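Asker: Mind having a look at this structure? Questions to follow.
Numbering (UniProt numbering), first residue to last: 1 to 320.
This is the structure:
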């Protein structure tokens with residue numbers, strides 16, 4: 001199908017207000033760019049307004065929770081570098097500064113894999129707006145010590161038994177990478193993942209303590225995000241070990257029918273992806289030889305934009 005058909009379908013979706021707040025999209029099918037579009041609109045960097053932005057290929061954009069999926073890749077790189085513990089290792093063993101928490105046998109049973117799969121079994125709620133301290137991620141950032149805050153949450157169910165969305169899990173993974181690498185998360189990411197992919201433009205928002213926000217802070221261009229997806233489609237190349245991707249992109253825990261979670265990545269029957277607040281998305285489908293990256297500004301509202309772009313604009317074109 002021609003690029004004009006993809007562009008025309010997107011134009012119809014925009015005209016019908018099916019993709020509100022769409023800031024950017026780029027899709028590659030069988031190695032060729034089939035769709036690339038940049039819009040304009042109000043944008044934010046986390047909770048800081050950026051005003052009205054005209055987006056271009058070089059405009060950085062919050063990835064929000066797609067950051068988690070990038071951290072999942074970084075963990076695999078760090079593991080191959082022998083910098084971090086294996087998934088089966090006890091989590092608290094790497095946090096000796098919280099020895100008191102390890103005295104609880106339920107917490108002592110937590111493993112790195114429980115963090116990778118968001119099955120920690122800890123009390124955590126991100127169902128309220130990310131502007132409210134009732135949101136656990138915001139409360140984590142307001143705490144004097146974010147890592148203690150996460151690890152001391154009440155244990156409410158058996159670890160490993162159920163997926164429960166938890167930005168704190170990603171924060172712990174980021175800290176493990178920093179501890180092992182002996183460098184800031186953003187520096188390790190730049191040297192071991194972004195620059196090897198040719199991604200030279202990036203930012204990483206930090207918390208009050210100066211630490212990169214592993215759950216939500218990465219900013220890339222849509223093309224930069226696309227390169228992350230292409231890396232996954234290509235089996236990791238020589239950047240992320242293929243053996244890690246084979247495990248990370250395997251369904252480890254069911255979210256609901258046809259929707260599962262691996263190591264910081266979501267997956268369906270024939271795709272893997274990263275999702276972020278506001279309509280941020282990276283979508284990878286090996287059977288279709290397809291990668292797509294979407295950025296949008298629908299922050300803190302029920303989002304349809306990314307799903308419409310993928311399901312109604314891109315996929316019908318590549319399936320013909």
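In this text, a Cβ means the ideal position worked out from N, Cα and C, and glycines have one as well.
Note that the structure is predicted; figures quoted are calculated from it, not measured.
Suppose contacts are defined by Cβ-Cβ distances below 8 Å. Is residue 215 in contact with residue 206 by that definition?
Answerer: Judged by their CB atoms, residue 215 and residue 206 are not nearer to each other than the 8 Å cut-off.
Asker: My parser needs the alpha helix (DSSP H) runs of 4 or more residues fully inside the segment 274-312; what are they?
Answerer: 305-308
Asker: Are residue 8 and residue 23 closer than 8 Å when you measure CB to CB?
Answerer: no
Asker: What did DSSP end up calling residue 213 once you bin it into helix, strand or coil?
Answerer: Three-state DSSP puts residue 213 in coil, outside helix and strand.
Asker: Measure the beta-carbon distance from residue 284 to residue 291 and round it to whole angstroms, keeping in mind my assumption that it falls under 8 Å.
Answerer: 5 Å
Asker: Kindly list the residues whose CB is nearer than 6 Å to the CB of residue 139, restricted to its own chain and excluding five residues on each side of it in sequence; keep chain order.
Answerer: For residue 139, where only same-chain residues beyond five positions count, the Cβ hits under 6 Å are 133.
Asker: Return the chain-ordered list of same chain residues with a C-beta closer than 6 Å to the C-beta of residue 272, the five sequence neighbours on each side being excluded.
Answerer: 249, 265 and 284
Asker: So residue 58 and residue 201 are in contact, right, with Cβ under 8 Å, and what is the actual spacing, rounded?
Answerer: Cβ atoms of residue 58 and residue 201 come within 8 Å of each other, at about 7 Å.
Asker: Tell me where the alpha helix (DSSP H) around residue 112 begins and ends.
Answerer: Element bounds for residue 112: 112-116.
Asker: Report all residues from its chain with a CB closer than 6 Å to the CB of residue 85; omit the five preceding and five following residues, and keep chain order.
Answerer: 94 and 112
Asker: From residue 317 to residue 35, what does the alpha carbon distance come to, in whole angstroms?
Answerer: 10 Å
Asker: Pairs of beta-carbons, one from the segment 299-306 and one from the segment 228-236, closer than 8 Å: are there three or more?
Answerer: no
Asker: Going by C-alpha to C-alpha distance, which of 173, 41 and 5 sits closest to residue 79?
Answerer: The shortest Cα separation from residue 79 among 173, 41 and 5 belongs to 173.
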